[in-house]
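Residue numbers (the working numbering), protein chains in the order written: chain A, 1 to 535; chain B, 536 to 840. Glycine included, C-beta positions come from ideal geometry on N, C-alpha and C. In what follows, a structure is listed as structure tokens, so that the remarks can point back to it.
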Amino acid sequence: MSRPTRVSDLSRRDREEVTRIDKAPLAPLPPPLDDPAALPAFSSLSDQARERYDGALDGTIALNLPVPSGPDEERTLVARFLAGLDKLFERENNWMFLEPLVLTMEHCAKCQTCSEACHVFEAAGGEDIYRPTFRAEILRRLYFKHVRTGGLLAAWHHGDITVNWPLVARLAELSYRCNLCRRCAQACPLGADNGLVTHELRKLFSQEMGIAPKELHDNGSMLQLRAGSSTGMTPAVVRDNVEFIDEDIGEKTGLEVKTPWDVEGADVLLVHNAGEIMAWPENPGAFAVILNAAGISWTMSSELAGYDSINYGLWYDDAQFARVAIRHAEAARRLKVKKIVLGECGHAHKALMVVADRVLSGDLDIPRESCLTLFRDIVASGRLKLDPSRNDFPVTLHDPCNVVRLMGVVEPQREILRAICPQFREMAPRGVDNYCCGGGSGFAIMSGHNFRDWRLQVAGRKKVEQVLEAFADCLDPSIPKYICAPCSNCKGQFRDALEYFGLWRDHRILYGGLAELIVNAMTDVKPGFIEWEWH
Amino acid sequence: MTVLSFLLIWLGLGVFAAASVARAVRYARAPVHLRWELYPVPHEAPERAAHGGSRYEEPEWWAKPPSKNLLGELAYMLPEMLLLAGLRQHNRRLWYRSYPFHLGLYLVAAAGALLGTGAMLDVAGVPLGDRAAHVLTAACDLLGAAGVVLGTGGALALLHARLTDAKLAAYSAPADYFNLALFAGVLPLAGLGFLLEPAPSLLVAARVVRFDTAAPLHPVLASGLALASLTAAYIPLTHMSHFVGKWFTYHNVRWDDGPDGERLRARMAEYLTYRPTWSAPHILADGTRSWRDVAGSNPTRGGER
Numbered sequence: 001m002s003r004p005t006r007v008s009d010l011s012r013r014d015r016e017e018v019t020r021i022d023k024a025p026l027a028p029l030p031p032p033l034d035d036p037a038a039l040p041a042f043s044s045l046s047d048q049a050r051e052r053y054d055g056a057l058d059g060t061i062a063l064n065l066p067v068p069s070g071p072d073e074e075r076t077l078v079a080r081f082l083a084g085l086d087k088l089f090e091r092e093n094n095w096m097f098l099e100p101l102v103l104t105m106e107h108c109a110k111c112q113t114c115s116e117a118c119h120v121f122e123a124a125g126g127e128d129i130y131r132p133t134f135r136a137e138i139l140r141r142l143y144f145k146h147v148r149t150g151g152l153l154a155a156w157h158h159g160d161i162t163v164n165w166p167l168v169a170r171l172a173e174l175s176y177r178c179n180l181c182r183r184c185a186q187a188c189p190l191g192a193d194n195g196l197v198t199h200e201l202r203k204l205f206s207q208e209m210g211i212a213p214k215e216l217h218d219n220g221s222m223l224q225l226r227a228g229s230s231t232g233m234t235p236a237v238v239r240d241n242v243e244f245i246d247e248d249i250g251e252k253t254g255l256e257v258k259t260p261w262d263v264e265g266a267d268v269l270l271v272h273n274a275g276e277i278m279a280w281p282e283n284p285g286a287f288a289v290i291l292n293a294a295g296i297s298w299t300m301s302s303e304l305a306g307y308d309s310i311n312y313g314l315w316y317d318d319a320q321f322a323r324v325a326i327r328h329a330e331a332a333r334r335l336k337v338k339k340i341v342l343g344e345c346g347h348a349h350k351a352l353m354v355v356a357d358r359v360l361s362g363d364l365d366i367p368r369e370s371c372l373t374l375f376r377d378i379v380a381s382g383r384l385k386l387d388p389s390r391n392d393f394p395v396t397l398h399d400p401c402n403v404v405r406l407m408g409v410v411e412p413q414r415e416i417l418r419a420i421c422p423q424f425r426e427m428a429p430r431g432v433d434n435y436c437c438g439g440g441s442g443f444a445i446m447s448g449h450n451f452r453d454w455r456l457q458v459a460g461r462k463k464v465e466q467v468l469e470a471f472a473d474c475l476d477p478s479i480p481k482y483i484c485a486p487c488s489n490c491k492g493q494f495r496d497a498l499e500y501f502g503l504w505r506d507h508r509i510l511y512g513g514l515a516e517l518i519v520n521a522m523t524d525v526k527p528g529f530i531e532w533e534w535h
Numbered sequence: 536m537t538v539l540s541f542l543l544i545w546l547g548l549g550v551f552a553a554a555s556v557a558r559a560v561r562y563a564r565a566p567v568h569l570r571w572e573l574y575p576v577p578h579e580a581p582e583r584a585a586h587g588g589s590r591y592e593e594p595e596w597w598a599k600p601p602s603k604n605l606l607g608e609l610a611y612m613l614p615e616m617l618l619l620a621g622l623r624q625h626n627r628r629l630w631y632r633s634y635p636f637h638l639g640l641y642l643v644a645a646a647g648a649l650l651g652t653g654a655m656l657d658v659a660g661v662p663l664g665d666r667a668a669h670v671l672t673a674a675c676d677l678l679g680a681a682g683v684v685l686g687t688g689g690a691l692a693l694l695h696a697r698l699t700d701a702k703l704a705a706y707s708a709p710a711d712y713f714n715l716a717l718f719a720g721v722l723p724l725a726g727l728g729f730l731l732e733p734a735p736s737l738l739v740a741a742r743v744v745r746f747d748t749a750a751p752l753h754p755v756l757a758s759g760l761a762l763a764s765l766t767a768a769y770i771p772l773t774h775m776s777h778f779v780g781k782w783f784t785y786h787n788v789r790w791d792d793g794p795d796g797e798r799l800r801a802r803m804a805e806y807l808t809y810r811p812t813w814s815a816p817h818i819l820a821d822g823t824r825s826w827r828d829v830a831g832s833n834p835t836r837g838g839e840r
């Protein structure tokens, strides 16, 4: 048996990976994916990428860290890292998460209970660097050595650590091997939060050193602040696109579909993840059908960021997070709506309803509601005529971590599914004990180099296992099956995973949102709203 | 030796109390963080707490008072504190080692507290009477003996796990071994001391309370109590202070779904005046801008809104 990877391995000066996940024995999958030889091959990182980028960790790359030009630049980078480390523990710089971070630093018993709860660690066959404690252990040693300046006593008490550029670069990469689902924190008997450690490390790298995945920062939060949406859609473009969706959905449903824009005084400001408009237009179309049929007074906003609920700052940068959250609230304030309703996007729910809650004060403190509870109330009210037999196919429900474990919206979506899907079956475990889809914390939009392989084979493996187990009695391709994933990022991950493992092609397992299932059951709508086609 | 032992007992108890309080005050004075709760939250309404739901499941949740369910919290906290229920659920193998250790410490602490209370009553001129004193002494001896056996066994079992389990060893610092070895040494030493000491344990406690050193303690008991006192003083200086930290990790983080109040709003307003110094260019923190300025700026528009 090989020795466990140790913290000190990350300080190695060679540019070799600490481990090679493409060679690791990954956790077995149930039938029909139970033959490892038949699974897609894990593509290797190119020699060019190995040469060009630093942070050799596990055979994949999320960050594209350039190799420093020499020892001087290395020293500068390490000094910046240590400066950022100090700021992470300063009241003025990190009041937002100082208390939970310090509690986690000072009270971990290193019992490894959290490791057993982590889907990444389990899927990677118990690879040590993916233990939630591994990156926390590094930060803890750094905290006691450099922030609390404990000297030799700190090394005796907490373990020693050598800070050099290889450690910093590998730690930066390692902060993007966790989905931030916080299942580990839920399992910790002491309440330590190693998911938070990932979050805080990402912040250090972004806020001090300007290091973040291009997909989250340049093409994510920065693009959203520049153009209005991380999709790049400007207000004019988004209105055009939604108008097109309205026409398309109108033809498909036989109903007149019109999305209202910038209606002052509407009851509801609906904010979608704009990715839905681009990738899954049937979802915003279904929202329009439901809200219009239910007689809801609603609108969308064409303000900057007001039509895109994403807030990638939640995953890596407090400043970016605050900027976007404020713009969402400002859009609602300008329109004088009674409440904001968030579309099917998990991290947008948690960002605006939970994490931003204490900073949105005064006239920015506008009630915020999940679309899942609004849908539940509409369905329960009888305002829609629904025929469950239209959804008479196997349906399972994926619980987006941000909606369920991290904000406690568990039952409304189930009440709907139990009412309109006769063959609804749960995954196990479910609800607040769920597993992440593998796309959480931004991974669903990250596919550089061979990161997609890692995301699907490792981070998404547990969820694929759950899906196969939920549909174990109906894998026959003659039976169409539906994963209800009421979250845009989760859908992105399911789209990639089902294609990667051939589960749509060979077993007719499709994915989609909750709104589509509701419209599919509406008797006023032409039958067949859900099209059993790959998208 | 007896004088030194008595001094260390008082010093140890004093440091234990002061360091524990200081740690609690440090956490209590930390800035209010952004909400970061984890569900289930047991003070939610029982019908929601059962499945881990929050008030966000309710229609018009903002128009309703927040849930308060003290019984729900107690139903969670008591098994957690008394049985280490979380560890039992998530890591049964370790629980078999950790629970006896913690239960042993609880029993020893309970015996010490009872003896201390009885002794203080005596000193305060409220003697217990012979029968009550006998019962209390017997009960404390029983609790103490059980505590020593369980605590020592648990400490040795945990030490064995740290030494033999590669995944635990990889994350164990020298202090982790030392701490467990310390408990495995101190507990039986103190227990043996009480066996060798001719005076009943309640009388020993009364002497400690009175600082009556006229009759010397058995050297083994004096050594055991001295070391136990130093151990008590050491605990709150380490991560073993999780009896303090856990209150905050649960109540101030995991279950902190509290709605905003005026006091909290005022504190948030104060925090927004802080001036961050993060260096990445997109933060736009030049040392003069407050968090409010930073949040209101747009790095894609040269800092303008």
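Going by beta-carbon coordinates alone, are residue i and residue j separated by less than 7 Å?
{"i": "A/Y500", "j": "A/P40", "result": "yes"}
{"i": "A/N179", "j": "A/A515", "result": "no"}
{"i": "A/S221", "j": "A/G306", "result": "no"}
{"i": "A/D54", "j": "A/A169", "result": "yes"}
{"i": "A/C181", "j": "A/C114", "result": "no"}
{"i": "A/C118", "j": "A/P132", "result": "yes"}
{"i": "B/E901", "j": "A/P412", "result": "Because chain B here runs from 536 to 840, residue 901 of chain B falls outside it and cannot be looked at."}
{"i": "A/H347", "j": "A/N402", "result": "yes"}
{"i": "A/M407", "j": "A/Q466", "result": "no"}
{"i": "A/M233", "j": "A/T259", "result": "no"}
{"i": "A/E215", "j": "A/I445", "result": "yes"}
{"i": "B/A646", "j": "B/G679", "result": "yes"}
State the CB to CB distance for the pair residue i and residue j, rounded to an integer number of angstroms; the pair is presumed to be in contact (CB under 8 Å).
{"i": "A/D58", "j": "A/R15", "result": "Wrong, their Cβ atoms sit about 13 Å apart, outside the cutoff."}
{"i": "A/C371", "j": "A/E344", "result": "6 Å"}
{"i": "A/P400", "j": "A/P486", "result": "7 Å"}
Since residue i meets chain A, which of its residues come closer than 8 Å, beta carbon to beta carbon?
{"i": "B/M803", "result": "R358, V359 and S361"}
{"i": "B/H777", "result": "H107, A109 and L190"}
{"i": "B/G780", "result": "L103, E106, H107, L190 and G191"}
So residue i contacts chain A; which residues on that side make the cut at Cβ distance below 7 Å?
{"i": "B/N833", "result": "L225 and R323"}
{"i": "B/I818", "result": "Q207 and A319"}
{"i": "B/G621", "result": "P189"}
Which chain B residues sit within Cβ distance under 9 Å of residue i?
{"i": "A/A56", "result": "Those do not exist, as A/A56 stays about 20 Å from chain B at its closest Cβ, beyond 9 Å."}
Around the Cβ of residue i, are there at least 16 other Cβ atoms within 10 angstroms (buried) or fewer (exposed)?
{"i": "A/A109", "result": "buried"}
{"i": "A/M1", "result": "Residue confidence for A/M1 is low, a pLDDT of 48 falling below 50, so the modelled location carries little weight; the figure read from the coordinates is stated next. Exposed, since its Cβ has fewer than 16 Cβ neighbours within 10 Å."}
{"i": "A/R455", "result": "buried"}
{"i": "A/G254", "result": "exposed"}
{"i": "B/G689", "result": "buried"}
{"i": "B/W813", "result": "buried"}
{"i": "A/L352", "result": "buried"}
{"i": "A/W532", "result": "exposed"}
{"i": "B/V560", "result": "exposed"}
{"i": "B/A598", "result": "exposed"}
{"i": "B/H568", "result": "buried"}
{"i": "B/V661", "result": "exposed"}
{"i": "B/A667", "result": "exposed"}
Strictly below 7 Å CB to CB, what residues from chain B border residue i?
{"i": "A/V354", "result": "R570"}
Quick one: which chain B residues come within Cβ less than 8 Å of residue i?
{"i": "A/V102", "result": "Y562 and A565"}
Of the residues that make up the stretch 163 to 196 of chain A, which ones have a beta carbon closer than 8 Å to any beta carbon in chain B? Here the close residues are R182, A185, Q186, A187, C188, P189, L190, G191, A192, D193 and L196.
Against chain A: residues of the stretch 787 to 816 of chain B by CB proximity under 7 Å: Those residues of the stretch 787 to 816 of chain B that come within reach of chain A (Cβ to Cβ, closer than 7 Å) are N787, V788, R789, D795, L799, R800, M803, Y806, Y809, R810, P811, T812, W813, S814, A815 and P816.
The stretch 706 to 737 of chain B: positions lying closer than 9 Å to chain A by Cβ: For the stretch 706 to 737 of chain B, residues whose beta-carbon sits nearer than 9 Å to a beta-carbon of chain A comprise Y706, S707, A708, P709, A710, D711 and F713.
Near-chain A residues of the stretch 584 to 605 of chain B (beta-carbon distance less than 7 Å), N- to C-terminal order: Listed by position, the residues of the stretch 584 to 605 of chain B near chain A (Cβ gap below 7 Å) are H586, G587, G588, S589, Y591, E592, P594 and W597.
To be precise: take each residue of the stretch 397 to 423 of chain A, compare its Cβ to all Cβ atoms of chain B, and keep it if any distance is under 8 Å. Which residues remain? If the cut-off is 8 Å between Cβ atoms, the stretch 397 to 423 of chain A has V404, R405, L406, M407, G408, V409, V410, E411 and P412 near chain B.
Interfacial residues, the stretch 67 to 99 of chain A to chain B, with Cβ spacing under 9 Å: Against chain B - using a Cβ distance shorter than 9 Å - the residues of the stretch 67 to 99 of chain A are R80, A83, G84, K87, E90, R91, E92, N93, N94, W95, M96, F97, L98 and E99.
Of the residues that make up the stretch 216 to 240 of chain A, which ones have a beta carbon closer than 7 Å to any beta carbon in chain B? Cβ contacts with chain B come from M222, L225 and R226.
May I ask you to list, following chain order, the residues of the stretch 6 to 26 of chain A that have a beta carbon less than 7 Å from some beta carbon of chain B? Per Cβ criterion, the list reads R6.
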